[in-house]
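Only one structure is covered here, and it is reproduced in the block below.
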Amino acid sequence: MTLAEMQFVVPKLGIASAEIFVLAMACLILIGDLFAKDRDRTITYVLTQLTLLGAAVVSVTGSGAEEVSYTFSNMFVADRMGDLLKFLVYISVIAVLSYSRAYVLDRPEMAKGEFYVLCLFATLGMMVMISASHFLTVYIGIELLSLSLYAMVAMNRNSVAATEAAMKYFVLGALASGLLLYGMSMLYGATGTLEIPAFAERLFKGAGYDGIIVSFGLVFLIAGIAFKLGVVPFHMWIPDVYHGAPTAVTLFIASAPKLAAFAVVIRVLVNGLILFSHDWQMMLIIMSVLSMAVGNFAAIAQTNIKRMLAYSAISHMGFMLLGMGTGVIMGDPSFIISAYSSSMFYVVTYVLASLGAFGTILLLSRAGFEADEISDFAGLNKRNSWYAAIMMTMMFSMAGIPFFVGFFAKLSVLQAAVAGGHLWLALVAVFFSLIGAFYYLRVVKVMYFDPPASAEPIEATMDVKLLLSANGLAVALIGILPNGLMMLCTESLADSIVF
Amino acid sequence: MSGLPILSLAVWVPIFAGFIVLLFAGADRDSPRARALAMLGALAGLLVTLPLYAGFDTATPAMQFVEILPWIPRFEINYHLGVDGISMLFVILNSFITVIVVLAGWRVIESKVAQYNASFLIMSGLLNGIFTALDGMLFYVFFEASLIPLYLIIGVWGGPRRVYAAFKFFLFTLMGSLLFLISLIYLYLDSGSFAILDWHRMPLSLATQQWIFLAFLVAFAVKVPMWPVHTWLPDAHVEAPTGGSIVLAAIALKLGAYGFVRFSLPIAPDASHAFSGLIIGLSLIAVVYIGFVALAQEDMKKLVAYSSIAHMGFVTLGFFLFSPLGMEGALVQMISHGFVAGAMFYCIGVMYDRVHSRQIADYGGVVNTMPKFAAFFMLFAMANAGLPATSGFVGEFMVIMAAVKFDLWIGFIAASTMILGAAYTLWMYKRVVFGAVGNHHVAGLTDISRREGLVLTLLAVCALGMGLYPQPFTEVMHSSVDELLRHISVSKIQ
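Protein sequences appear in the order of chains Z and D. Numbering follows the numbering used here, with no gaps: position 231 of the first sequence is 1543. Numbering follows the numbering used here, with no gaps: position 299 of the second sequence is 310.
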């Protein structure tokens, strides 16, 4: 390389402005928190929320990437799918922080300031994942998210369950990261590049690489991604971590990271490895069916609602993969936008419902009392019919009953599966939905048919009340008028799929 | 046609009223206001459906009062409503029954009154949506959504085994409808639209038609219900509160039968012919076997539930004889059953409110203490048994005539309902109402209140009126039924 080629080019910082902003704020808040005297860390909390709001505003008004643009030597991409997913990440993290504010305050053992800073770093990790256009960026994003999450799960250090969950999460997560890196190294070995667009181009050119090595790399890559998504057979950590982690952290894990993981699937598998779609589609379909089976059957047996929702998350991620697994039909990619956007819609609606469900669990939890048994919801309708109605909305949405948005998500994925010629897959999926309906109905039954477990009134601050209500109404109203969000997913995805 | 979107009003006025009740009378102390608001909502809901009958053009088989708006353009799903001579009457029937149900729960329901009434109002709107939807997905959405209110009604205000009954009801119906959903998606991908009327015209191979017919059959057979997937119904009826039973019998059971007319027959006519033997067989089993099962019941509600299954057997039988007489008879039977079964459940509810038992053995000699009630009950029992001059007779007689024309033996077996129906209904009536006063509960009974009298009178007028002068009901159906039969007689195989 000559000196002339080594010219220093200032990267286009503008399109990564949201990331830079969040990073800067996270560092500032971290330092500022050291000097905060206030035990409740109200300032830290407010600043964190403002940071996220600011990022949300930036993503709506700011970059407005009409076209796909790259920066940092093509390691980072900004496009409409990224903008949309990031915006949803900010919104869900804002909701997470509001819902869990009281929970965190009630628990002296949880480090207040660090909780918010870690949330910000995790958010940054997700943003990097979403905008990654280089295998290493993907890896860095995943690690930033995961390391923050390990610490957050372990935050309640006096709790045996939490410590155990953190340990499990860390060990298995490290293994998955290893698999991911190993897969990437194989792909690098085969093609000599880690830049996803360039990588895809090499594959398309055909010559000069060993297909077997790429396939091997792909398998490791998928194992790593499947771990992050939490689908069978890489799901072992999900129930324990959901159950053991403080509910506030469970809420975090169960919401926004699913969006980021979806983005990684699109960036890596679709934009990078579409040529090998035949291989990975098969793997995704198998994992999808297994996830729906294990998730739904195991959820029936749970008495702990966090564990139940953990298994339900496994089954939902399986259902989502169904859309991903049926995009390319007999080598014909003309149907992929429809199929992948149905998966995207599915993830978005799942995150909405998941936020609301865990939000309600947090609402019922008090100092020294975790409302994490299904029986803790007994008679909720008599205690407060509005919150019961919200929880019911979430349950029916997850079960896929119209007019709630979950139904339309299921409909679009099923539609993709049938259009892809996988009628039997659609039948399997609806069969497992039927199984799934049972345990969601059980929660409704406990809330509506059973006598109240306690007469304690449910208190919530105004912002939680408003946000949770908005969350419930969103699930119901997007269910009545789902077209806008569907089209948004379709259009933003259409711009981002490049090959 | 006037400018008002009458069908949208029929769907959304009750739903809106339901939410108003929840919002403005949600607290427990507001029960009287909740009842009053619910009554207003139900009446408004009935009122907006009346122009349907007044403005209906009986000469055309086409859809009327059509409204069409894009709803989910992503999948070409439209908000497409319309009624023909087959569906129009059910909209009015449903809105009428909602009034009855609100009245029926007036004094009986004490806890969560607002939620109770709101559930019924919302369900009423959803049911109207099912009868008026001309878009397959819109139909499905209403069809599924209507499970939620009924699940809550059975589970919250039901009897001791309500949880079991509510789950069984929900999961049975969901099981049926999921296959239906896959068929709808298949039809959409095949035709490029979710419009039911497009599907009617769409050519399909026999094999495809057969698969679709069978998938539809699972959904509708559960809902009708047909033997052998009927077992959820007796449980749901027994555990549901009186209002729930009335809606279940009067309207919800009609959905399955309506599905046959709107989906199975016109979309898969060749398969319908191919499978007509199966349906006729299942219908006859329902008529005869379930008739005997009804005879053996000790619980009045269960008895009427089984008699409903037998009556619905008549409806499916009538459809699959492919004659105008059978089809119209079946439709008349559906409406008549709405009045009569609704009234039977209401009568049982009246007695249950006083004695808190549904066992036949706990009664006897009710006529001595409740003479007015006994007279009404007698009328409905007779109608349930299919006595001439009541509405129960008209439909059954038409279907039997059609069956005899079709095949003497089928007609013969179907006609056995005249004996069986009379046997189980009148025997129950005899044991409950006649004889000496059975026990101190019966001795202490008070006769019906004015409110109960009003409900019974309304239902009695309908049952008798329809029996004496069925013309207004049948004349609106003629052209639609003829068109449907003409459509079915043409093969779709290309």
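Glycine residues also receive a C-beta, built at the ideal position from the N, C-alpha and C atoms.
- Chain-ordered, the chain D residues with CB closer than 7 angstroms to the CB of Z:Phe1715 read Val152 and Ala156.
- Counting the other CB atoms within 10 Å of its CB gives D:Ala372 a total below 16, which places it among the exposed residues.
- Straight-line measurement puts the Cα of Z:Leu1563 at about 12 angstroms from the Cα of Z:Asp1684.
- Following the DSSP letters along the chain, one finds Z:Thr1383 inside the beta strand (DSSP E) bounded by residues Ser1381 to Thr1383.
- Annotation for D:Gly170: Val249 and Glu250 place their beta carbon closer than 7 angstroms to its own, counting only its chain and skipping 5 residues before and after.
- Comparing C-alpha distances from D:Asp95 to each of D:Lys313, D:Tyr269 and D:Ala36 shows the shortest one belongs to D:Tyr269.
- Exclusion of the five residues before and after Z:Ala1690 leaves Val1758, Met1759, Asp1762, Pro1763, Pro1764 and Ala1765 as the residues of its chain whose Cβ lies within less than 8 angstroms of its Cβ.
- By alpha-carbon distance to D:Gly288, the top candidate from D:Phe67, D:Asn89, D:Phe417 and D:Gln370 is D:Phe417.
- Boundaries of the beta strand (DSSP E) around D:Trp82: Gln75 to Ile83.
- In chain order, Ala392 place their CB closer than 6 angstroms to the CB of D:Tyr440, counting only its own chain and leaving out the 5 sequence neighbours on each side.
- For Z:Ala1390, the enclosing beta strand (DSSP E) covers residues Phe1388 to Ala1390.
- With at least 16 other beta carbons inside 10 angstroms of its own, D:Ser98 counts as buried.
- Within chain D, the residues placing a beta-carbon under 9 angstroms from that of Z:Val1730 are Ile193, Ile196, Tyr197, Tyr199 and Leu200, ordered along the chain.
- Chain-ordered listing is empty here: chain Z has no CB closer than 7 angstroms to the CB of D:Gly147, the nearest sitting near 11 angstroms.
- For Z:Pro1769, the closest of Z:Ala1669, Z:Met1620 and Z:Ser1677 by C-alpha to C-alpha distance is Z:Ser1677.
- Between D:Ile159 and chain Z, the shortest Cβ-Cβ separation is below 8 angstroms.
- Among the bridge pairs identified by DSSP, Z:Asn1616 is matched with Z:Glu1685.
- Just so you know, the alpha carbons of Z:Leu1800 and Z:Met1594 end up roughly 28 angstroms apart.
- D:Gly166 reaches chain Z at Lys1757, Tyr1760 and Phe1761, counting residues in chain order whose Cβ is nearer than 7 angstroms.
- Around the beta carbon of D:Val492, a 10 Å sphere encloses 16 or more other beta carbons of the protein chains shown; the residue is thus reported as buried.
- With contacts defined as CB atoms closer than 8 angstroms, D:His367 and D:Gln344 fail to qualify as a contacting pair.
- With a threshold of 8 angstroms between beta carbons, Z:Asn1795 makes contact with chain D.
- DSSP places D:Gly93 within a strand segment (E or B) once states are collapsed to three.
- For a cut-off of 8 angstroms, the C-beta gap from D:Ala282 to D:Gln370 is around 44 angstroms, too long to register as a contact.
- For the region 1666-1730 of chain Z, the continuous alpha helix (DSSP H) assignments of 4+ residues that do not extend past its boundaries occur at 1692-1695 and 1697-1711, in sequence order.
- For the region 286-308 of chain D, there are no residues whose beta carbon sits under 9 angstroms from a beta carbon of chain Z.
- One alpha carbon belongs to Z:Val1465, the other to Z:Asn1795, and they sit about 37 angstroms apart.
- Chain-ordered, the chain D residues with CB closer than 8 angstroms to the CB of Z:Ala1749 read Phe181, Leu182 and Leu185.
- Nearest neighbour of D:Gly147 by Cα position, chosen from D:Phe30, D:Ala433 and D:Asn89, turns out to be D:Asn89.
- Contact with chain D is absent for Z:Ala1788, since none of that chain's Cβ atoms lies less than 8 angstroms from the residue's Cβ.
- Within the DSSP bridge table, the entry for D:Ala144 names D:Leu92 as partners.
- Proximity of chain Z to D:Gly37 at the Cβ level (cut-off 8 angstroms) is accounted for by Ser1697, in chain order.
- In chain order, Phe1720 and Gly1791 place their CB closer than 8 angstroms to the CB of Z:Pro1714, counting only its own chain and leaving out the 5 sequence neighbours on each side.
- Three or more Cβ pairs drawn from the region 1730-1745 of chain Z and the region 182-196 of chain D lie within less than 8 angstroms of each other, which places the two stretches in contact.
- If you draw a straight line from the Cα of Z:Gly1584 to the Cα of Z:Gly1453, it comes to about 17 angstroms.
- Separation of the CB atoms of Z:Ile1578 and Z:Tyr1652 is rounded to 7 angstroms, and the pair is thereby assigned contact status at 8 angstroms.
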